[in-house]
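All remarks here apply to the structure that follows.
Protein chains in written order, with the working numbering: chain A, 2 to 192; chain B, 623 to 1262; chain C, 46 to 547; chain D, 3 to 520; chain E, 112 to 212.
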């Protein structure tokens, strides 16, 4: 019963929050609602016994991602009302409603799933984090390491793109201009 | 003897090539002389061959080399000199020699003198091939060759629009007939397996009548074109645009008789299909009358003679169609002599009159052109068939044949035509040579032709007079090849009545013509009652047949061609191709807006694509899940 | 408590990781070098990258030998899967990358190549692709895909002009949506089978007899959408022309080859078993995708005024053409896919390199875009050799024998014929004819028009260096003399594909 | 060397073309002529060495190219292809020798040499893919020739030419792949070798489809109605040399391919489609002849006349008997010579007046008598005058088809009428009448360089018209083999009936030879 | 009332659809990125639910990596936005239409 109540409560909340995210005109509201929605989602994770995931959700999303977005928002100065010209709303609403209905129709039907065998079964009495750790560092070691590479890539990308070196474009300058710029700056910016 | 055969055959070719070397240079008289000599050589060789044939009668048959050989088809260049072909060879070479010599004078002032001889000799060569070939394909070579040379010679004065038009008309009309000929040849080949005369004739005997009939008809269609039989006759009158020697040689003596020759040559075929023969005879008789009627009123000297030729060809076909091949051939020969003479005489007149052709503008020329006057008069007498000139013997034989074969309609048509022939021939003579000197009105100073031209014509004159005497010898000779059909009217009385009656009829026509035209005074201007009458107009306009051809065949052809090009080819066929390309391109052009460059649109496309897939998935999934029910419903509805 | 886990090092088969690790090490090395001494000339990084790629290549040769001896190899907790597809696609990836990287040595300076990070990201990207193709675990595929994609977005943006940012943003945003689709699709499969490994999914679905066909279709739909995005299948292609236009020509050429072969391999692993299990729906959809993509992209390519954009659409069309292989699903078809792509790599890289060589920084007045058609007008008069080579690439792309791509088309259409897809074969053939038009358009401009006033032909080689010329030379030779190498390549690919069970 | 003469014939010009890039501009014509002359000499040697009594392939070469997919570099000639190869070499030679007024001469000559490679390749190839390679490759030089040296609409014309043919041949390629697949199914081995395919007897319904696929490719190339509209554009815009080669050789690829592929591979389908194709051929003959008559541009007249003549060739081919097929092959050569010459002739006045509109001329026989003569000879050859080369071919083609259908042959025979109409009309417009235009009064007659090309053509025209045997005999032998093969392979009654059986004769021959041996 | 897997799946789908709406509707790129986050998050719920009901950890693993990916995307995405913003002063995607057709 508790589970049901919690499910419906949080389901309502997440849907509401995310609805606000996609509809509000206030970017700040959107950001806040998104953060709230993320937290509510972590609630599901806890309900479902995925404690580690829930924690990660809060830390990564609400902590890191949202902070990044917040910084971004300040940078882009989108705290004011967001003006968005809308084209044909019918397409948007129609398409998404259709998509939702279709998938819901399918999922409303029972799933057979007979031969499902848990490859990495959840063991009773062992903490979720521990289990996750074991699987992550055996089976999913490679993706884990690759994820590290990916984060490195993202980091480099972020640095490169947001860095000062991008302010001057060598692509658009002809060789004389480049020489000129080199003299002025005399930095490794223009290696 | 083969040597002579080759000489007769190739001397004209040598002559032609020799003359052709000088086509682009100035006039050189020696070209004409050498050409004439070479043609004379051919004539001499032909004479030797004739003598040979007359002596022992063994035909000479040679096979020079293979022409085409593929599959079962084998066509050699084979030549045969037998009684029929040697007769033709004699006619051809003789008339050619004379015409060549004559032309040296006639073409004296023409800057394309050399070219003329090249063409003329080439024509002789083609004609020799035509008559000497021992198979249908070889005959076809000559057949087309003479057509080509005829084209070149009719259009000899190619700066004249009318001449080139006439040349093309002649060529194309002949081509129509040649198609028939070609089909005939195909039929012969596929039914007999060979195109050699002897082999094919042998095989004809085993074929059924239907096939033979078709063969006969198609070959005759070929003959119709070359011999200008109705309805392919219009080109012959127009062909008079060519130089007069050409008319004499090609359009009177030789080429136009090729059709007759073909029928005679294929006598073994036509003997097997008398009904086709009858058709040929009927058509011949019709053409004889038809052409003669047009000659009655025409005001163009050469055209009158051309219609007369046409008419005489009709006689020949009538004879050949009735199985009297030797008679046809005999008339062919005799006709060649006097008609060539007539034409050459007309050439003299033309020269004298500075190319004036309307006899009404002449008159009284006998004073200045005595020689020509005599020759033309005698030729006309021969043409009219008055005893004892050549025409009498040949034409009379045709009438007899028609009578004996009980084709009285043909007989009476031919008889009537004989009268017409006499009338128009002497109408011409009378208008040209008698009466007042109307040409003075036009400031023309006529003069007689060169002497040597008249001398050159003289053999023809002699032959026109005496050819009848050769009938017996000739008959003896050709019956070894042609069917032996002697036409004897059983009752002597009937024979004499007929002969004398005919003669009287003809002479009456001559007298009438003289009476009417001998002292003609003025040049008609189209206002007289006669000229206003319907019949006159009908005849003068050649029964409106050229008009009809122009109006209902040539023009529509041109217009349809134009439509085919501008409408069908450009607007339908090509436009379809371009249209398909255009549709592809246009679709690209129209739908490229899908790439609006706006990210939002792009995302919508992605979602839309997914949703579309999803809908299909759901439809399919539901259908799969409920397939039993669906089948049940469908079967209940009677769909499945 | 969990039992301790004992894993023997041999069972991990760490050798399977070697090809992927080499570029990662290379990338790190570049970063470290830059850390110690900045401002070094780009040639250093080009050569380092080449060296590592070469090592990668050697490692691949090594694994291919292992494969030909012992067949499919699993490694590292059965996560890595070294089969023929993986090896072949990695070969294409590495070779295409080796051909690409010298294109950085341009005569003019462009922004991205002054960053050592460019080369590091490039190598990371290669590693990402390699991981993506060398596994059948959807998670690893996803992570590999994202690693490479994120690096690629950055590489595009680093060209540093408005259009490249626009391109990167567009690509990125749509990529994010595609990532959402991918995860959703994987989720449905996971929900259905409790597994994220493709062979496992196949096995369980097969055991169930596809009872939940509706769910399967939903899963396919989303996965298909995400791969259709990657492979630029109409209507998921909309990013491609813009991104190709925004990116530098060399990068565009690279993008038309490497990411797609990686996506093709995954698509092959994912969809092939479904096709073979008789999922009619998928067949129909793929059929429609193939036909629409080929035809529509061709139509759009017809109306382009910029050569690069035209080539972008042409790449879309080629991708649609190759997609047919997955639909047909026979060994011959799968062979044809790789075969086609090998030949396509040479030709397409060659033609994009030609554009790259003629890249100007400032457009003259008559030129509306970087590589508009009239830029090439009368090229035969001013730069005959370049015109000949460009014409050669165009004819090869059009599928004119005996140039490289003809053999690919031949084999691909043959596989359609063999697979019983007659109508498809005809459509493919006729589409090649439509495509002929736009390739020909460039040929027409180059060979049959008069050059624009003042064009002395310098523009076509303004960016040329020995490195670029070498690459173009290699591509040209590969294009012309492809017929010599057809047989060994074909036999090699056939053996690998067949032994992988495809 | 004789063992590889075909490869040499194919690749010698290509190699020479590559070396040609190094030649100075002034010397390039001499170089081109010498290369083409050597090539022509080689082709004559090939003819000399060719054994006309053997019906099968000679000078076979076989080199594995893609053995795993059954593609091999197989070459060979028989009587069917031999003469077209010689003709191609010949026309390239005189084409280069008589080049006039060409900017960028060097490019032109190099292109022509490449074109020669592809032409020889098409006719020597005995592997479908190799054939296809050369078939397609031949489009490129032609595209360039039309597009770079053509008239005002040259780009449209060249692109249309290329795409149209390209589209058709791609369909044909699908057909070839099918064929190879059937061979694979039957034998378990891939093969694209034509001689291997000959051994395959296909069920009739498959034959029909495959025939249709091949037909599309060939019909566009020929070009057959209604796929012909690229041709007038191509000819109308192409420079003289382009038209000459296009008409003389390239069009023959289509008809040659019918004989090489369609007939022996699909005898039943050939018999089945005989009547429809004959009807198309007749439409080609009559309709295009009428369209030709309506033309105002003399080159278009010749272009449309080509289509009309190709109709006769098609008809002969589908006579399915020895006479017809031999005739059609002979007519290919004949039409090559004659139409090539006619295009050269049109080029002569175009060079002088830079117009091809007939109303701009008239009476030029007065000022250019030699030209008029040669034109006249070719005109007469074109209308099928006996003792010219065309007649032999046309006669045999029609004769052959007459066995199959009387009425259709009668209709097709109108070729000789309608052909005469447009040709004579055009001749009249050009040459006859008074010289009305001032510019035409001082036109120079054909010069030596032009005569260099035209005289040999005239000689061939007449020589082969009088004595076709040296060409016809080898053709005949090879065609007999083809017809026998078709008869043996035919399964349907219709085909058995339409394709004659020559085997009795063959048996007789073998018997006699056996007797001779003993 | 028992909460089954289907409930979670339906919830996930609804959230996914909301995300799609956002993706299609938003013109401000930053807000558009929010929507993509929603997409990934909605899937995560489903993964966790499946993992729970099947008693299998793989789903959680997948969700884990999805989170990592989402985080990386944010970094790159924001980087791109910053560059764009520096030059154009806006992050409105309607302004990015220099390439079309």
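Each residue gets a CB set at the ideal place from its N, CA and C atoms; glycine is no exception.
All values derive from a computational prediction rather than experimental measurement.
Secondary structure at residue i, three-state DSSP: helix, strand or coil?
i                      : result
residue 75 of chain D  : strand
residue 513 of chain D : For residue 513 of chain D, the predicted structure reports a pLDDT of 35, less than 50, and the residue's modelled location is therefore unreliable. A value from the coordinates is still provided. In the structure shown, residue 513 of chain D sits in a helix (DSSP, three-state: H, G or I).
residue 192 of chain A : Because residue 192 of chain A carries a pLDDT of 45, less than 50, the predicted location of this residue cannot be relied on, and no value is offered for it.
residue 520 of chain D : For residue 520 of chain D, the predicted structure reports a pLDDT of 39, less than 50, and the residue's modelled location is therefore unreliable. A value from the coordinates is still provided. Residue state, collapsed to three classes: coil.
residue 694 of chain B : coil
residue 181 of chain C : coil
residue 508 of chain D : Caution applies to residue 508 of chain D, whose pLDDT of 45 falls short of 50 and renders its modelled position unreliable; the value that the coordinates give is listed next. DSSP places residue 508 of chain D in helix when its eight states are reduced to three.
residue 688 of chain B : strand
residue 417 of chain C : strand
residue 897 of chain B : helix
With which residues is residue i paired in a DSSP beta bridge?
i                      : result
residue 299 of chain D : D/359
residue 683 of chain B : B/702
residue 757 of chain B : B/818
residue 64 of chain D  : D/76
residue 129 of chain D : D/195
residue 139 of chain E : E/203
residue 242 of chain C : C/182
residue 122 of chain A : E/167
Counting along the chain, where does the beta strand (DSSP E) carrying residue i start and finish?
i                      : result
residue 125 of chain C : 125-127
residue 118 of chain C : 118-120
Chain D partners of residue i, CB-CB under 8 angstroms?
i                       : result
residue 1196 of chain B : 231
residue 485 of chain C  : 145, 161, 164, 165
Can you pull the chain E residues whose beta carbon is under 7 angstroms from the beta carbon of residue i, in chain order?
i                     : result
residue 65 of chain C : By Cβ distance, chain E contributes nothing, its closest Cβ being about 17 angstroms from residue 65 of chain C, past 7 angstroms.
Name the chain E residues that come within less than 8 angstroms of residue i, Cβ to Cβ?
i                       : result
residue 1219 of chain B : 207, 208, 209, 210, 211, 212
Along the alpha helix (DSSP H) that carries residue i, what are the first and last residues, could you check?
i                       : result
residue 1117 of chain B : 1114-1139
residue 29 of chain C   : Because residue 29 of chain C is not part of the residues shown, which for chain C are 46 to 547, the question remains open.
residue 393 of chain D  : 391-404
Please compile the residues from chain D whose C-beta is within a distance smaller than 7 angstroms of the C-beta of residue i.
i                      : result
residue 296 of chain C : Those within 7 angstroms of residue 296 of chain C in chain D number zero; the least Cβ separation is about 31 angstroms.
Original post:
When you check each C-beta in the segment 214-226 of chain C against every C-beta of chain E, which residues fall closer than 9 angstroms?
Top reply: 214, 215, 217, 218, 220, 221, 222, 224, 225, 226
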